[in-house]
Every structure is written in structure tokens, then in C-alpha cells.
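Chemist: Below you'll find the structure I mean.
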Amino acid sequence: MMRRSLCAAAVLVALAMLFPATSSAQTEAQLKARLDTLKRDAAAAGDAYSKAYWALDESEVRIAKLDKAIRKTNRELKTARGTLNSRASSIYRREELDFIGFLLGASSFESFVSRFEFLSRIGTADAEAVSRVTALHTKLTSQRRSIAEERTSRLKDVKRLRSKRDALQRRLKSKEAEFRRVKEQLDSVRSGGRPRPGDIAASPGPNGMVFPVVGSYYYSDTWGASRSGGRRRHQGTDVMAPRGTKLVAIMSGTVRTKSNRLGGKTIWLTASNGWQFYYAHLDSYVVTSGRVKAGQVIGTVGSTGNASASSPHLHLQIHPGGGRPVNPFPYLRSME
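Per the numbering used here, the sequence shown starts with residue 1, numbered consecutively.
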């Protein structure tokens, strides 16, 4: 009887030890699935915004190329007109229209032939100059028509982008409260139910790094995409989020703040392992210098610098070992 009781007790203890682990794993999977659903809802609006954004960017690239082409054509036309005007002025100034007199003034047949050939070359050169001026003028007119049409198209792209941007911001804000709640639950499960320190706002993801934005967000892989009308390439990932959303340290390390024209309010986080993380377009700083822990709040999402005031986001760069930047997209995916 005693042996049966001990066996039963052992089974109950084993089940008690096994069940919470199984339950936690299921709960984590369910919470992760819920977060993925919330992100997919935002992604639908985010993808529409991205499509409109790149349509506008392509318009700006085409306009930049047309502007450059028009400047080149104008320079060529100015030179060609100058050449033609100079030749016409020279002819009238020297009274070289008296071709017959010029030819009859030859002292020999050889001189006559030479003068005739000279006048023929002048006539051909003048005709070529006139033809070049005419062709360049036609080309310039066509280019100006094209850029006018492109600018009209760009206005439509701007209107479309604003509509998609506003829809994305509304979507993110509508999911904010639930996103935060589910993320808190997921962090709790991942930490085994242990309470977080009061100055830590988020826990590490599967790759040991903390996702930098604490709240609803949207991002896509834009590494290497054109920026500023094709004059530079994107060397980071833009994480769209409502203005004022908390930003946290991806890893423990040291922060320093700096403002610049493109990035606005920025933070450089140098992790303990030598990696560097660049946060740009912040709305405000929470920590301006010194040591920080992974998951500690260091600033908030904004649109300072060259970011659109109505499109707050975090521009994030990752520099492994403090070297050249790499695509943050796969790292961000592994932080979730």
C-alpha cells in the first residue's frame, strides 16, 4: 500500500513538473501568434504605404534625371547659339556676303578654287550650326514637356502617399494598447515569470537582443533603396511607430547623443561586445550619456532631421564590431 502511494506521489510530482513547462510553451506560442496577427494587420496598411512611398521616390528620381538632362541641353544650346551668332556677326561685320567679289578677286585659277572651297566650308558649317540649334531647341521643348508631366504625376503620388501614411498611423494607434499588453505577457513567459527591474521596459528576443521599439510598429526590408532622388542609398531599416513610442537599448552598453541635419536627434549605442547601433529621428532623449542596460528606455520615436513630420519612425543602423553598417532587417526579425 505504501509502495502504491509513493508511486502515485512520484507520478503527480512528475506531472506537476512537466505540465507548467508544456503550458508555458503553449502560452508563448499562442502569444507569439497573437502578436504576429497584430503585426499582419498593421503590415497590410504598411505595405500600401511602402508602395506609395517608393512610387513617389521613383518619381523624384525621374525628375532629378530630367532636371540634369535639361541643364545639360541648356548648356549645349547656349554654346551652339553662341557659335551661330558669332559666325553671323562675323559675316556681316566683314561684309563677306559679297561672295562674287570675293571669288573674282582671285589672282589665279588655283586661288579661285581655294576661295570657292573656303566659302563652301563656311556654308556647310553655318548650316550645321543652324541644324544643331534647331535640334537642341526641339529636344529642350520635349524635355520640358516631360518634366511638367512628371511633376503633375508626382503631385498625385504625394496625395496618395499622405493617404496611405495616415491609414498606417491610424492602424498602429488602434492596435497599440493590445500590442503592448500581449508583448508584456510574452516577455513574462519568456523570463519564466520573473519580474523585470523597474528601469527595463522590454526583454530580449530569441537572438538575445531587445527589439528597439516598445509598442505597435511596422517595418520592411529597405536596405540599399534609393533616397533623396537617387543621390544616396538607404543603410538602415525604418521602423514606423506612433510618435512618442518608447525606444530601448538593444544591448547593454554606453550611449552618446548628437544632433545632425539628416538624423535630427540621434543616439549611438556602443554595446559591451563592440557592436554599435545608430538610432535616428528621435522625438526626445531619456538617456543622453553613460551606461545603459539592454531593454532600458533611452528615447522616443519622432520625426526630427529630414524625416517627414507626419511619418514618425526610427531609422536604425547596425554596425557589427563598430565597422560598416549591415542590413538590420534579419536582426530585427530575430529580436521579435
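For each residue, glycine too, the CB sits at the ideal point set by N, CA and C.
Everything numeric in this text was worked out from a predicted model, so none of it was measured.
1) Have a look at A202, T266, D221 and flag the residue whose alpha-carbon is nearest the alpha-carbon of V213.
2) Determine the DSSP secondary structure at Q185, reduced to helix, strand or coil.
3) Which class does M209 belong to by DSSP, given the choice of helix, strand or coil?
4) Going by beta carbon distance, what residues of the same chain come within less than 6 Å of S311, once the five residues before and after it are set aside?
5) For E76, which residues from the same chain have a beta carbon less than 7 Å from its beta carbon, with the 5 sequence-adjacent residues on both sides left out?
6) When you compare the stretch 265–281 with the stretch 293–304, are there three or more beta-carbon pairs, one atom per stretch, that lie closer than 8 Å?
7) Can you tell me the Cα-Cα spacing of G193 and A43, whole angstroms?
8) For the candidate residues R333, T270, Q296, whose alpha-carbon lies nearest to that of G323?
9) Could you check what DSSP says for Y218 in three-state terms: helix, strand or coil?
10) Assess contact between the stretch 150–168 and the stretch 37–54, defined as three or more Cβ pairs (one per stretch) separated by less than 8 Å. Is contact present?
11) I'd like to know whether the C-beta atoms of A294 and V239 end up nearer to each other than 8 Å.
12) Going by beta-carbon coordinates alone, are V130 and R81 separated by less than 8 Å?
13) List the residues that DSSP assigns as beta-bridge partners of I147.
14) Just the C-alpha distance for H315 and R62, rounded to the nearest angstrom, thanks.
15) Which same chain residues, not among the five before or five after P206, have their C-beta less than 7 Å away from its C-beta?
16) What did DSSP end up calling K68 once you bin it into helix, strand or coil?
17) Which of the three DSSP states is assigned to V158 in this structure?
18) So, using beta-carbon positions, are I70 and L168 closer together than 8 Å?
19) Taking a contact to mean a Cβ-Cβ separation below 8 Å, would you say S142 touches L66 in this structure?
20) Beta-carbon within less than 7 Å of R40's beta-carbon, same chain only, minus the 5 sequence neighbours each way: which residues are those?
21) If you run the structure through DSSP and keep just helix, strand and coil, what is T300?
22) Helix, strand or coil, according to DSSP, for W54 in the structure here?
23) Enumerate in chain order the residues of its own chain whose CB-to-CB distance from N327 is below 6 Å, with the five nearest sequence positions on each side excluded.
24) Rounded to whole angstroms, what's the CA-CA distance from A307 to V248? Just pull it up for me.
25) Starting from the C-beta of T27, find all residues in its chain whose C-beta is less than 7 Å away, skip the five residues before and the five after it, and write them out in chain order.
26) Rounding to the nearest angstrom, what Cα-Cα distance links A34 and R144 in this structure?
27) To which residues does DSSP link H319 through a beta bridge?
28) Look at the alpha carbon of D199 and the alpha carbon of I298, and state the distance between them as a whole number of angstroms.
29) Keeping to the same chain, check which residues put their C-beta closer than 6 Å to that of T288; ignore five residues upstream and five downstream.
30) Could you check what DSSP says for I250 in three-state terms: helix, strand or coil?
31) Provide the residue(s) that pair with V255 in DSSP beta bridges, ordered along the chain.
32) Starting from R333, follow the alpha helix (DSSP H) in both directions and report where the run begins and ends.
33) Using alpha carbons as the reference points, say which of R261, E150, V255 lies closest to G274.
Modeler: To lay it out plainly:
1) The count along the sequence shown starts at 1 and reaches residue 213 at position 213. If you compare the alpha carbons of A202, T266, D221 with that of V213, the shortest gap goes to A202.
2) Working through the sequence shown from its first residue, we reach residue 185 at position 185. Shown here, Q185 sits in a helix according to DSSP, grouped into three states.
3) Here residue 209 is taken as the residue at index 209 of the sequence shown, counted from 1. Here M209 sits in coil by DSSP.
4) Residue 311 sits at position 311 when you count from the first residue of the sequence shown. So the list reads R165, once near-sequence residues are dropped.
5) Taking the sequence shown and counting its residues from 1, one reaches residue 76 at position 76. The beta carbon of E76 is closer than 7 Å to those of L136 in its chain, skipping five residues each way along the sequence.
6) The count of Cβ pairs closer than 8 Å, one atom from the stretch 265–281 and one from the stretch 293–304, reaches three, so the stretches are in contact.
7) Mapped onto the sequence shown, residue 193 falls at position 193. Mapped onto the sequence shown, residue 43 falls at position 43. Rounded to whole angstroms, G193 to A43 spans 30 Å at the Cα level.
8) Here residue 323 refers to the residue found at position 323 when the sequence shown is read from its first residue. Out of R333, T270, Q296, T270 has the C-alpha closest to the C-alpha of G323.
9) Translated into the one-based positions of the sequence shown, residue 218 becomes position 218. Residue state, collapsed to three classes: strand.
10) Segments in contact, yes.
11) On the sequence shown, residue 294 is found 294 positions in, with the first residue counted as 1. On the sequence shown, residue 239 is found 239 positions in, with the first residue counted as 1. At least 8 Å separates the beta-carbon of A294 from that of V239.
12) Here residue 130 refers to the residue found at position 130 when the sequence shown is read from its first residue. Here residue 81 refers to the residue found at position 81 when the sequence shown is read from its first residue. Taking C-beta atoms as the reference points, V130 and R81 fail to come closer than 8 Å.
13) Residue mapping note: residue 147 aligns to position 147 of the sequence shown, counting from 1. I147 is not bridged to any residue.
14) Taking the sequence shown and counting its residues from 1, the one referred to as residue 315 is at position 315. Taking the sequence shown and counting its residues from 1, the one referred to as residue 62 is at position 62. Roughly 25 Å separates the two Cα atoms.
15) Taking the first residue of the sequence shown as position 1, residue 206 is located at position 206. Excluding positions up to five away in sequence, the list reads S334.
16) Locating residue 68 in the sequence shown gives position 68, where the first residue counts as 1. In the three-state DSSP reduction, K68 falls in the helix class (H, G or I).
17) As a first step, residue 158 is located in the sequence shown; it is residue number 158 there, counting from the start. The three-state reading of DSSP puts V158 in helix, counting H, G and I together.
18) Against the sequence shown, residue 70 aligns to sequence position 70. Against the sequence shown, residue 168 aligns to sequence position 168. Contact: no.
19) Indexing the sequence shown from 1 puts residue 142 at position 142. Indexing the sequence shown from 1 puts residue 66 at position 66. Between S142 and L66, the gap from beta carbon to beta carbon reaches 8 Å or more.
20) Start at 1 with the first residue of the sequence shown, and residue 40 comes out as number 40. Cβ neighbours of R40 within its own chain (closer than 7 Å, five residues either side excluded): none.
21) For the purposes of this step, residue 300 is taken as the residue at position 300 of the sequence shown. The DSSP-derived three-state label of T300 is strand.
22) Along the sequence shown, one-based indexing puts residue 54 at 54. W54 falls in the helix class under three-state DSSP.
23) What you label residue 327 is simply residue 327 of the sequence shown in a count that begins at 1. Excluding sequence neighbours, N327 sits near W223.
24) Translated into the one-based positions of the sequence shown, residue 307 becomes position 307. Translated into the one-based positions of the sequence shown, residue 248 becomes position 248. Their backbone Cα atoms lie some 20 Å apart in a straight line.
25) The residue you call residue 27 lines up with position 27 of the sequence shown. The beta carbon of T27 sits closer than 7 Å to the beta carbons of V189 from its chain, once the five residues preceding and following it are set aside; these are given in chain order.
26) Counting from 1 along the sequence shown, the entry for residue 34 is found at position 34. Counting from 1 along the sequence shown, the entry for residue 144 is found at position 144. In the sequence under discussion, the amino acid at residue 34 is Arg, which differs from the Ala named in the question. Rounded to the nearest angstrom, the gap between the Cα atoms of R34 and R144 is 53 Å.
27) Here residue 319 corresponds to residue number 319 of the sequence shown, with the count starting at 1. Answer by DSSP bridge pairing, in chain order: Q276.
28) Reading the sequence shown from its first residue, position 199 is the one you call residue 199. Reading the sequence shown from its first residue, position 298 is the one you call residue 298. Distance between the alpha carbons of D199 and I298 is about 10 Å.
29) Locating residue 288 in the sequence shown gives position 288, counting from the first residue. Cβ within range, chain order: T257.
30) Within the sequence shown, residue 250 is the residue found at index 250, counting from 1. Of the three classes helix, strand and coil, the one that applies to I250 here is coil, per DSSP.
31) Within the sequence shown, residue 255 is the residue found at index 255, counting from 1. According to DSSP, which records beta bridges pairwise, V255 is partnered with L269, G290.
32) Here residue 333 refers to the residue found at position 333 when the sequence shown is read from its first residue. 329–335 is the span of the alpha helix (DSSP H), which, as asked, contains R333.
33) On the sequence shown, position 274 is the one that residue 274 refers to. Looking at the Cα atoms, V255 is the closest of the given residues.
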